[in-house]
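Single-structure report; data block below.
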Amino acid sequence: MTARGIMTARGAMAARGLRAALCLVLLAALGGLVSCSGGGDGPDTTLHVLASDELTDMRPLLDQLRQDTGVRLDMDYRATNDASDTLLTGRHSYDLAWLSSDRYFRLKAKKAAAGSHPATVVQSTSIMRSPVVVGLTRDVARTLRAKAPGGRLSWADLADAAATGTVRFGMADPRHSNSGLSALVGVATAAAGTGSALRPQDVSCDRLRGFRSGQTLTAESSHALLDSFAEHPGRTNALITYESELLTLNASGRLKQPLEIVHPADGMVLSDYPLLLLDQRGRDAYDRVVKWLTAADHQREIMRRTLRRPVSTEVPRDPRLTAPLDNALYFPDDPAVLDRLLADYGDPRRRVADQVIFLLDFSASMRGSRTTALRAAFAGLSGADSSATGKFVRFYQGEKLTVIRFGGRPLDERTVTVHGDADLRALTDFVADGGYDGSTAVWSALDHGYGAAETTLREDPGRAVAVVLMTDGENNAGIDRATFVSRYRARPADARAVHTYPVHFGDADATELRQVASVTGGRMVDARHSSLSTAFKEIRGCS
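Numbered by the numbering used here, the letters in the sequence shown go through residues 25 to 567 in order.
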């Protein structure tokens with residue numbers, strides 16, 4: 025600092041000291057009817073703030089804010105969704121909340137239970153922005169970009185790579201962290217393919233199981249996730265979190281090689297770090313804080329320190345923050361959608377692999393084009409389908425697949441657990457193998473399938489199991505519906521909870537297939553006017 029700067033600083037400190045001394049004299053003389061100012065436009069004030077834990081990087085700026093405005097922010101840091109849950113109870117003493125996003129809070133407040141009193145937001149102001157994106161190691165980024173049109177990667181590409189084991193990613197727990205929840209919403213929105221906010225029908229089946237199979241690292245907050253990623257190199261090769269945190273990690277020197285940052289082509293969820301006024305009595309101090317934080321000079325300093333994007337249009341962007349955000353995704357506006365997403369994704373630490381039991385009709389009427397369509401459907405689910413939907417619903421690492429071919433009785437059976445292409449080829453070859461029968465025993469095949477499900481659940485309680493029944497004809501052999509229902513009802517509760525999804529194909533009896541779905545709690549899918557591939561994709565993730 026120059027001599028002139030030292031003198032200026034000392035003069036400023038002396039002036040503040042003189043003001044403080046005069047204020048104390050006035051306080052004594054007037055019986056405490058005035059407050060001492062810290063150099064701002066109002067009295068010294070302390071505001072209690074419930075804040076997202078990633079905002080710890082703002083501490084140096086908050087010291088300067090206090091000096092300039094006289095407002096001290098007493099920060100209580102928590103994972104964002106946990107902080108929102110505190111606000112939803114209404115039992116708190118905070119003046120402000122400063123969250124990476126308030127969408128979770130606002131959505132949950134819509135369905136607050138009778139008698140509860142969620143915090144009331146008096147005013148909200150966005151302070152800065154950062155999208156949730158993906159960081160990839162260079163070798164993985166190179167591999168994936170080589171396969172993507174124009175080298176632009178999407179959530180669908182990442183889901184496909186996760187399902188094959190190519191991508192092993194870390195992501196914060198979406199039940200606690202906004203970065204994890206935003207990523208989950210982004211991936212699910214891309215999987216739905218509607219281009220709009222998710223609706224209940226878009227999440228009726230879990231399309232993210234292949235994506236989720238690639239998660240090998242988690243934490244309750246994005247801050248803890250970054251620490252774990254840096255401390256355990258090699259455990260993962262991808263990280264899903266805020267753009268700002270990935271850039272900061274790259275600049276920290278903690279990684280052998282910086283991560284390549286990917287802004288998914290099919291959209292991102294943007295966090296805007298709103299500062300929420302919860303108590304009208306803090307209005308004056310809140311206004312001072314907002315004015316200070318959104319001033320161009322301070323926006324520039326926020327960007328420099330945190331690598332978040334400024335909300336001020338007056339501030340030129342850091343070159344690392346110039347990737348366009350014109351494909352920002354909508355957040356769901358229905359609380360039921362969020363509940364379903366979180367329930368399906370569950371605890372990121374638990375195993376995700378499920379089992380699907382395919383009951384495939386190999387009666388004589390399936391010869392020719394119908395068997396060709398069946399084989400094409402399995403090839404698509406094994407990775408041949410390069411569409412966005414196909415990438416989300418393909419067979420994935422660890423998934424257990426059982427194929428039972430039937431005619432007038434169960435003909436043959438094969439089970440594989442997917443570990444690589446060899447397992448998928450073995451399954452496809454089994455489906456492609458010949459061997460037809462002259463009759464169709466739908467209910468006998470279904471009974472055999474539920475026997476397989478019961479065995480699985482006895483050996484591996486808790487595994488999610490679903491049955492897919494594909495037939496092109498009517499039942500003309502084996503047991504009848506009443507016998508199946510009697511045997512089904514005698515099975516253990518976990519086996520009875522397994523749903524069957526019949527696929528209506530060819531000359532199959534629609535009434536009979538609806539009965540199958542009704543008895544087992546599934547639903548029928550009509551493939552007569554689309555294709556078997558489309559029908560199989562529609563019921564992937566249903567259980």
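Cβ atoms here follow ideal geometry from the backbone N, Cα and C, with glycine treated the same way.
DSSP-derived helix/strand/coil call for residue i
{"i": "K132", "result": "helix"}
{"i": "G62", "result": "The predicted position of G62 is uncertain, since its pLDDT is 44 and thus under 50; a value taken from the coordinates is nonetheless stated next. Looking at G62 - three-state DSSP - the assignment turns out to be coil, as it is neither helix nor strand."}
{"i": "P617", "result": "Residue 617 falls outside the range modelled here, since the chain spans only 25 to 567, and no answer is possible."}
{"i": "R278", "result": "coil"}
{"i": "L331", "result": "coil"}
{"i": "S510", "result": "helix"}
{"i": "T571", "result": "Within the shown structure, residues of the chain are numbered from 25 to 567, placing residue 571 beyond reach of any answer."}
{"i": "I563", "result": "coil"}
{"i": "G29", "result": "Bear in mind that a pLDDT of 36 at G29, under 50, signals an unreliable position, so the model cannot answer this."}
{"i": "V417", "result": "helix"}
{"i": "R391", "result": "coil"}
{"i": "E325", "result": "helix"}
{"i": "Y474", "result": "helix"}
{"i": "Y460", "result": "coil"}
{"i": "R96", "result": "strand"}
{"i": "P155", "result": "strand"}
{"i": "H247", "result": "helix"}
{"i": "T149", "result": "strand"}
{"i": "V442", "result": "coil"}
{"i": "E255", "result": "helix"}
The alpha helix (DSSP H) enclosing residue i, as first and last residue numbers
{"i": "D447", "result": "D445 to A456"}
{"i": "A121", "result": "That residue, A121, is in no alpha helix (DSSP H); its beta strand (DSSP E) goes L120 to W122."}
{"i": "T80", "result": "It is not in any alpha helix (DSSP H) - T80 carries neither H nor E in the DSSP assignment."}
{"i": "D357", "result": "Premise fails: D357 is in no alpha helix (DSSP H) and is neither H nor E."}
{"i": "G407", "result": "It is not in any alpha helix (DSSP H) - G407 carries neither H nor E in the DSSP assignment."}
{"i": "R312", "result": "R307 to T318"}
{"i": "R429", "result": "Looking at the DSSP string, R429 is not in any alpha helix (DSSP H); the run it does join, the beta strand (DSSP E), is K424 to F430."}
{"i": "E536", "result": "A534 to T544"}
Member of the options whose CA lies at the smallest distance from the CA of residue i
{"i": "S182", "options": "D363, V540, I264 and S336", "result": "In the sequence under discussion, the amino acid at residue 182 is Leu, which differs from the Ser named in the question. The shortest C-alpha separation from L182 is found at I264."}
{"i": "L120", "options": "D98, R482 and A103", "result": "D98"}
{"i": "Y525", "options": "S542, R515, R513 and V509", "result": "S542"}
{"i": "R130", "options": "T110, V286, N499 and T161", "result": "T110"}
{"i": "S389", "options": "A397, Y460, T535 and S406", "result": "Y460"}
{"i": "D92", "options": "A347, R312 and A185", "result": "R312"}
{"i": "W179", "options": "C229, L249, V314 and G234", "result": "G234"}
{"i": "L270", "options": "R115, L160 and E498", "result": "L160"}
{"i": "W13", "options": "S140, K134, K132 and Q147", "result": "Past the edges of the chain, shown from 25 to 567, lies residue 13, and the structure says nothing about it."}
{"i": "A172", "options": "S411, L481, N500 and A254", "result": "S411"}
{"i": "Y474", "options": "R511, A165 and A170", "result": "R511"}
{"i": "R305", "options": "D81, L71 and P224", "result": "L71"}
{"i": "V522", "options": "V549, D303, V540 and A490", "result": "A490"}
{"i": "V466", "options": "D533, T479, D409 and A476", "result": "D533"}
{"i": "G502", "options": "A456, P434, V549 and L451", "result": "P434"}
{"i": "P67", "options": "R307, F253, F386 and N500", "result": "R307"}
{"i": "K134", "options": "D197, L232 and P359", "result": "P359"}
{"i": "L301", "options": "M152, Y310 and V293", "result": "Y310"}
{"i": "G486", "options": "L493, V492 and E478", "result": "E478"}
{"i": "Y101", "options": "P257, A185 and S124", "result": "S124"}
{"i": "R96", "options": "A103, L85, T104 and D106", "result": "L85"}
{"i": "E423", "options": "R127, Q379, T346 and G370", "result": "Q379"}
{"i": "E498", "options": "V440, H528 and N105", "result": "H528"}
Rounded C-alpha distance that separates residue i from residue j
{"i": "F454", "j": "R364", "result": "35 Å"}
{"i": "A137", "j": "L112", "result": "10 Å"}
{"i": "T144", "j": "D296", "result": "19 Å"}
{"i": "P155", "j": "T272", "result": "14 Å"}
{"i": "T149", "j": "A275", "result": "29 Å"}
{"i": "V227", "j": "R332", "result": "31 Å"}
{"i": "R374", "j": "L353", "result": "28 Å"}
{"i": "L222", "j": "V209", "result": "8 Å"}
{"i": "D357", "j": "N500", "result": "49 Å"}
{"i": "T507", "j": "E562", "result": "30 Å"}
{"i": "F419", "j": "I381", "result": "13 Å"}
{"i": "G530", "j": "V549", "result": "13 Å"}
{"i": "V442", "j": "R538", "result": "31 Å"}
{"i": "F560", "j": "G407", "result": "14 Å"}
{"i": "P298", "j": "D163", "result": "37 Å"}
Host beta strand (DSSP E) of residue i (start-end)
{"i": "P298", "result": "P298 to L301"}
{"i": "F193", "result": "F193 to M195"}
{"i": "D385", "result": "Q379 to D385"}
{"i": "G234", "result": "Taken as a continuous stretch (DSSP letters only), G234 belongs to no beta strand (DSSP E), being part of the alpha helix (DSSP H) at R233 to R236."}
{"i": "T265", "result": "A262 to Y266"}
Closer than 9 Å to chain B by CB, residue i
{"i": "K171", "result": "Absent here is chain B; the protein component of the structure consists of one chain."}
heavy atom of the ligand GDP below 8 Å from residue i C-beta
{"i": "T535", "result": "By its list of ligands, the structure shown contains no ligand whatsoever, and the ligand GDP lies outside what it can speak to."}
Checklist entry - Are three or more beta carbon pairs between the region 256-263 and the region 74-94 nearer than 8 Å? => result Touching, no, given that fewer than three Cβ pairs across the two stretches are closer than 8 Å.
Checklist entry - Between the region 546-560 and the region 512-521, do three or more beta carbon pairs fall short of 8 Å? => result No, they do not touch.
Item to check | Inter-stretch contact at 8 Å, needing at least 3 Cβ pairs: the region 198-208 / the region 238-254 | outcome: With three or more CB-CB distances shorter than 8 Å, the region 198-208 counts as touching the region 238-254.
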